[in-house]
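J.: In the working numbering, the protein residues as written are 297 to 558. Positions of the beta carbon are idealized from the N, C-alpha and C atoms, including for glycine. Here's a structure for you.
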Ligand code: ADP
Ligand code: MG
């Protein structure tokens, strides 16, 4: 199983959209995919038609046993999505109570890694949608992953958020055996605006090895897909957004180069 986290310490940059678009394309290609919603806002859970305010069981349940994950629990928590090959480990609002706990002090840092160890045979791919805050949940997402995708909105202030995310990653890397490779993905790109063009240039200058050399354009079809509760490629396989995500997936599935590692 390959495990990717999608993270950025900023909201509204396209994390959830990226997670679902990539999961959808992998599932279209016949892969069995589990998506994990670690954001207490539960956007991905809502996207697939489940209400994070009323769900009785969620990822939260995984954190209630002093860092151990009871045998069989992860499977019991899985929910259906719009795609028969995508399963969802849902979020619930209870997750917010974990979020601000300081990572590392309570033995809860490897709960998601242990969860995935139990799901290893059932899925080819896991994608984790991470919260925008550095806490137990973000630490879990990064600790469980083999690769990190950082969506960055092509807006002037976005680069600051990215700097914060990269320094978080450096900190996490100190407690990992191997540094986590990461790929920066420019999102919500609008070629008509100076903000988009300028940000893309700034990203190229600052992160030449880590930047995916293309971008995800602004595409209202992606918003329409979320309203319909379908993965972007289920909704409109030929939209510009889906074409861009297809190219991104190809890039991410390629060999990890030494320069992608922090
Ligand atoms: P995050 O998870 O980082 O908070 P989302 O993926 O939820 O961000 O995206 C925020 C909003 O922007 C959502 O309404 C989503 O549908 C929309 N969106 C994301 N990416 C695009 C895009 N490339 N084009 C148009 N709308 C987008
Ligand atoms: Mg989100």
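If you measure between the beta carbons of residue 443 and residue 477, is that distance less than 9 Å?
T.: What you label residue 443 is simply residue 147 of the chain shown in a count that begins at 1. What you label residue 477 is simply residue 181 of the chain shown in a count that begins at 1. A contact, by the Cβ cut-off of 9 Å.
J.: With a Cβ-Cβ cutoff of 9 Å, do residue 326 and residue 396 count as a contact?
T.: The residue given as residue 326 occupies position 30 in the chain shown. The residue given as residue 396 occupies position 100 in the chain shown. Not a contact, by the Cβ cut-off of 9 Å.
J.: Residues with a Cβ closer than 7 Å to any heavy atom of ligand 2, in chain order?
T.: Listed by chain position, these are 307, 311, 312, 335, 337, 339, 340 and 425.
J.: Does DSSP classify residue 446 as helix, strand or coil?
T.: Within the chain shown, residue 446 is the residue found at index 150, counting from 1. Of the three classes helix, strand and coil, the one that applies to residue 446 here is strand, per DSSP.
J.: Pull the bridge partners of residue 301 from the DSSP assignment, please.
T.: Against the chain shown, residue 301 aligns to sequence position 5. According to DSSP, which records beta bridges pairwise, residue 301 is partnered with 424 and 444.
J.: Who are the Cβ neighbours of residue 430 in its own chain at under 6 Å, not counting the five residues just before and after it?
T.: Start at 1 with the first residue of the chain shown, and residue 430 comes out as number 134. Correct list, in chain order: 464.
J.: When you measure from the CB of residue 370 to every non-hydrogen atom of ligand 1, does any distance come out below 8 Å?
T.: Working through the chain shown from its first residue, we reach residue 370 at position 74. Not under cutoff, so the answer is no.
J.: Just to check, is the beta-carbon of residue 527 closer than 8 Å to a non-hydrogen atom of ligand 1?
T.: In the chain shown, residue 527 corresponds to position 231, counting from 1. The answer is no for residue 527.
J.: What distance in whole Å lies between the Cβ atoms of residue 373 and residue 354, which are believed to be in contact at a cut-off of 8 Å?
T.: Taking the first residue of the chain shown as position 1, residue 354 is located at position 58. Taking the first residue of the chain shown as position 1, residue 373 is located at position 77. With 8 Å as the limit, residue 354 and residue 373 qualify as a contact, their Cβ atoms being about 7 Å apart.
J.: Which whole-angstrom value describes the C-beta separation of residue 394 and residue 433, a residue pair presumed to lie in contact below a C-beta threshold of 8 Å?
T.: As a first step, residue 394 is located in the chain shown; it is residue number 98 there, counting from the start. As a first step, residue 433 is located in the chain shown; it is residue number 137 there, counting from the start. Contact flag correct, Cβ pair sits at about 6 Å.
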